[in-house]
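Asker: The sequence shown begins at 463 in my numbering and counts up by one.
Note that the Cβ used here is the ideal one computed from N, Cα and C, for glycine as well.
All figures in this text were calculated on a predicted structure; none of them were measured in a lab.
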Amino acid sequence: MRPALRMIALSFYVLAAYVAFESARDLITQDKAGESLVGIILNIVALAVMVPVAIAQQRTGRALGNPVLSAQANETWLSNYLSLSLLAGLGLNIAVGWWWADPLVALIVAGLAVKSGHEAWEESRNHQPGVG
């Protein structure tokens, strides 16, 4: 389980770096996201599907005492947070012209990704080889 937890941790760190870079770039260049009805609908559908998946992963991971599945559930939640941040940012941009809301909220999600990566890495350090 240690290698799987470490790969999950690394994926959190890579995602955090990418989201932070893109968000900072958008804030610096004042790049305003375009509204896409298809994109909005896809994010709503993704949330409708993936929130129950994250809940199921979390419950199953806890019930089985499986830290890898629990870490995967955290990745699914993070994906859901990114979808929510996109919807909130686009909504605030459309409603009140706050173009900067989406990248700002995405920076917060990047911070959550770093935290989740740290937790997965620590779990990998605490996991005994040959157990589970």
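If you draw a straight line from the alpha carbon of A525 to that of L544, how long is it in whole angstroms?
Answerer: As a position in the sequence shown, residue 525 is number 63, starting the count at 1. As a position in the sequence shown, residue 544 is number 82, starting the count at 1. Cα to Cα, A525 sits roughly 27 Å from L544.
Asker: Please state whether DSSP places A582 in a helix, a strand or coil.
Answerer: Reading the sequence shown from its first residue, position 120 is the one you call residue 582. Reduced to three states, the DSSP call for A582 is helix.
Asker: Using DSSP with H/G/I as helix, E/B as strand and the rest coil, what is G594?
Answerer: The residue labelled residue 594 in the question sits at position 132 within the sequence shown. Legend: pLDDT at G594 = 49, less than 50; position of this residue unreliable, value from coordinates given subsequently. The answer is coil: DSSP assigns G594 none of H, G, I, E or B.
Asker: Taking the C-alpha atoms as reference points, what is the distance between A466 and G559?
Answerer: Your numbering for residue 466 matches position 4 in the sequence shown. Your numbering for residue 559 matches position 97 in the sequence shown. Rounded to whole angstroms, A466 to G559 spans 42 Å at the Cα level.
Asker: Would you say the segment 469-488 touches the segment 512-525, given that touching needs at least three Cβ pairs under 8 Å?
Answerer: At 8 Å Cβ cutoff, the stretches do not touch.
Asker: What's the C-alpha gap between R464 and A471?
Answerer: One-based indexing of the sequence shown puts residue 464 at position 2. One-based indexing of the sequence shown puts residue 471 at position 9. Near 10 Å, if we compare the C-alpha coordinates of A471 and R464.
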